[in-house]
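**Student:**
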Amino acid sequence: MIGRQTQRLVRLVDELLDVARISRGLIALKRDPVDLVAVVREAVEASRPRIDQGLHGFSLIVPDEPVLVSGDSVRLEQVGDTALPADASRRVLVVDDNADSAQSMALIARSWGHEVATAREGTEALAVAKGFRPDTALVDIGLPGMDGYELAHRLRQEFDGQGLQLVAMTGYGRTEDREAAHAAGFDVHMVKPADLDELRRVLAHGRMRSES
152 MIGRQTQRLV
162 RLVDELLDVA
172 RISRGLIALK
182 RDPVDLVAVV
192 REAVEASRPR
202 IDQGLHGFSL
212 IVPDEPVLVS
222 GDSVRLEQVG
232 DTALPADASR
242 RVLVVDDNAD
252 SAQSMALIAR
262 SWGHEVATAR
272 EGTEALAVAK
282 GFRPDTALVD
292 IGLPGMDGYE
302 LAHRLRQEFD
312 GQGLQLVAMT
322 GYGRTEDREA
332 AHAAGFDVHM
342 VKPADLDELR
352 RVLAHGRMRS
362 ES
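Written out as C-alpha cells, the structure is:
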C-alpha cells in the first residue's frame, strides 16, 4: 500500500514538473539518433490499456526498416503516448480547500486537454458550476462548512439531468467510505493521492460507477 502511494506521488510530481517546465520554456531536449519506428511501437504498447478499456479499434502500420531522426526519445514517446488515444476535452470543476492541491490537479487536467475551473468550498463551487456547467466535478470530501457529501447532493439536484460526473477525492478508502460516497451521489470514489492513469481514464470516459 505504501509503495503504491509513493509511486503515485512520484508520478504526480513528475507530471507537475513537466507542466511547469513547458509553461516556462525550460524543457531541455537530449538529442540522440532515435528510431521513430521503435518509439511509435513503445508508445502504442504504453497506451494499450487505455485503448482496450475504451474499446477502441486500432491498427499500426510502420516501415520494416528503422526511421532515424535526431531527437529526444523520452519526449517523443510522451508525445505518442498522449496522442494514443487523445482524450476528449471536458469541463472539469476541481473543488478543494487546499490551494496547492487544487492548483496541482487543475494543472494536470489542463495538461490532458481539459478546461478547468476551481473552487475552495461548497458555496463557491455551486456558484462556479452554474456558469461553468462542468462535465465532471472532482470534489474533496473534507471541505469546510458544506462537506463534499452535501455538495455532491446539491450538485446532483442542480445538474443531474445533464449527466454530471461526480468524483469523490478523499484520503479514506474503507468500504464504509466508498459506500457513503456512492450514497451521496458520487459516481467515482478515488483515494488520494489519485492514480493518474485511473483519473485520466475517468475523465476521458465520463459518467460511470467506479472505484480506485
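The sequence shown begins at 152 in the numbering used here and counts up by one. Just so you know, even glycine gets a beta-carbon here, dropped at the ideal spot from N, CA and C. The structure displayed is predicted, hence computed values, not measured ones.
(1) Do three or more CB pairs link the stretch 318-338 to the stretch 273-283 at distances below 8 Å?
(2) Can you give the Cα-Cα distance for L227 and Q308, rounded to whole angstroms?
(3) Alpha carbon to alpha carbon, how far is K181 from M149? Give it in angstroms, no decimals.
(4) Within the same chain, show all residues whose beta-carbon is closer than 6 Å to that of G211, passing over the 5 residues directly before and after it, in chain order.
(5) Could you compute how far the alpha carbon of V220 sits from the alpha carbon of P184?
(6) Give the single residue among E349, E330 and F283 whose Cα lies nearest to the Cα of A268.
(7) Across which residues does DSSP place R305 in a beta bridge pair?
(8) Apart from the five residues on each side of it in sequence, which residues of its chain come closer than 8 Å, Cβ to Cβ, to A250?
(9) Is the separation between the beta-carbon of L315 and that of V246 shorter than 8 Å?
(10) Skipping 5 residues on each side, what residues in its chain have a beta carbon closer than 6 Å to that of V342?
(11) Answer yes or no: do V243 and L350 have a C-beta to C-beta separation smaller than 8 Å?
(12) Going straight from the alpha carbon of L294 to that of A303, what length do you get?
(13) What residue ranges within the stretch 217-283 form continuous beta strand (DSSP E) runs of no fewer than 3 residues, ordered along the chain?
(14) By DSSP, does M152 sit in helix, in strand, or in coil?
(15) Would you kindly report the start and end of the unbroken beta strand (DSSP E) that includes A335?
(16) Starting from L350, trace the alpha helix (DSSP H) both ways and give me its first and last residue.
(17) E266 and S240: beta carbons closer than 8 Å?
(18) When DSSP labels each residue in this structure, what does L294 get in the three-state scheme?
**Tutor:** Taking the coordinates as given:
(1) No: the two stretches stay apart, fewer than three of their Cβ pairs being nearer than 8 Å.
(2) Taking the straight line joining both Cα atoms gives about 45 Å.
(3) Residue coverage of the chain in this structure runs from 152 to 363, which leaves residue 149 outside it and unanswerable.
(4) One detail in the question is off: residue 211 reads as Leu in this sequence, not Gly. The answer, listed in chain order, is V195.
(5) A direct Cα-Cα distance of roughly 6 Å separates V220 from P184.
(6) It is F283 whose Cα lies nearest to the Cα of A268.
(7) The secondary-structure analysis by DSSP pairs R305 with nothing; it has no beta-bridge partner.
(8) R271.
(9) Cβ distance not < 8 Å, so L315 and V246 don't count as in contact.
(10) G324.
(11) Their beta carbons are not under 8 Å apart, which means V243 does not touch L350 by this criterion.
(12) Note on geometry: alpha-carbon atoms of L294 and A303 lie some 12 Å from one another.
(13) Fully enclosed beta strand (DSSP E) runs of no fewer than 3 residues occupy 219-222, 242-246 and 266-270 of the stretch 217-283, in order along the chain.
(14) Per-residue confidence for M152 stands at a pLDDT of 47, beneath the threshold of 50, marking its modelled position as unreliable; the derived number appears in the next sentence. Secondary structure of M152 (DSSP, three-state): coil.
(15) Going by DSSP, A335 is part of no beta strand (DSSP E) but of the alpha helix (DSSP H) stretching over T326 to A335.
(16) Here the alpha helix (DSSP H) through L350 covers L347 to H356.
(17) Yes.
(18) Coil, per DSSP.
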